[in-house]
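So the structure is just underneath, and the comments pick up after that.
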Amino acid sequence: MQLIIMRHGEAGWHSLDQERELTDVGRHGAAAVAAAIGKSSWRPDRIWCSPYTRARQTAAIVSEVLNCPVDEKPFITPDDDPGLCLDALLETDISRLMLVCHMPLVGSLSTLLVDGHRKGIPFMTAQAVVLDMPVVGPGCADLKEQFLP
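Under my numbering, think of the first position of the sequence shown as 274, with each following residue one higher.
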């Protein structure tokens, strides 16, 4: 499986975290990263995104640039257990997948898949990493590339 893990673009503030919207900088950053992915050999076949507004907006931008369908998944919000996402990855037959979600999940999921632990690494907004996993599981992924806004 080829997996791209992307953090949503920069978002403004809102009294409800789930309703924070992308800023102009966030939209531009997401579009720049999507364009770079589009020029690479790492194009996904499908995007899974968090139901939070900023992730949905980021995924919509990426989807438009890459001409790729998006599915909302309730288990990739900021504080979700990366194990829930791992379970879903084990069950899917999609071989080229992209996730658009949040810190700290993007960091903890990345280290779970690459290093086998959940300590997490920082991601800047709109950053994406490409993981190659011959077998889906903890510690089974290799970091192949990253895209920065």
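Beta carbons: idealized from backbone N, C-alpha and C, even for Gly.
I'd like the span of the beta strand (DSSP E) that includes Val402, first residue to last.
Val402 -> beta strand (DSSP E) spans 401-405.
Expressed to the nearest angstrom, what Euclidean distance is found between the alpha-carbon atoms of Ile334 and Arg300?
Rounded to the nearest angstrom, the two C-alpha atoms are 8 angstroms apart.
For Thr384, does the count of other Cβ atoms within 10 angstroms reach 16, so buried, or fall short, so exposed?
Burial call: buried.
Let me check one thing: in DSSP terms, what residues is Val343 bridge-paired to?
Per DSSP, Ile320.
Could you say which of Leu382, Pro342, Gly311 lies nearest to Ile367 if we only look at CA atoms?
Comparing Cα positions, the closest option is Pro342.
Can you round the beta-carbon distance between Leu428 and Ile278 to whole angstroms, since I take them to be within the 8 angstroms contact cut?
The structure shown has nothing for residue 428, since the chain only spans 274 to 422.
Does the region 281-294 come close enough to the region 323-334 that 3 or more CB-CB pairs lie under 8 angstroms?
Yes: at least three Cβ pairs fall under 8 angstroms.
How many whole angstroms separate the CB atoms of Leu370 and Pro317, which I take to be in contact at a CB cut-off of 8 angstroms?
The Cβ separation is near 6 angstroms, so the contact holds.
Do Leu386 and Asp352 have their C-beta atoms closer together than 9 angstroms?
Contact: no.
Is Asp405 closer than 9 angstroms to Leu276 when the C-beta atoms are compared?
Cβ atoms of Leu276 and Asp405: closer than 9 angstroms.
Do you know how far the Cα of Ala305 is from the Cα of Gly311?
Straight-line Cα distance between these residues: approximately 10 angstroms.
Round the Cβ separation of Cys374 and Ser323 to the nearest angstrom and send it over; I've been treating them as touching at under 8 angstroms.
Rounded, the Cβ-Cβ distance is 5 angstroms, consistent with contact.
Taking the alpha helix (DSSP H) that Glu364 falls in, what are its first and last residues?
Taken as a continuous stretch (DSSP letters only), the alpha helix (DSSP H) holding Glu364 covers 355-364.
When the Cα atoms are used, what is the spatial distance from Val409 to Gln419?
About 19 angstroms.
How would you write the range of the alpha helix (DSSP H) that Lys312 sits in, first residue to last?
Start and end: 297-312.
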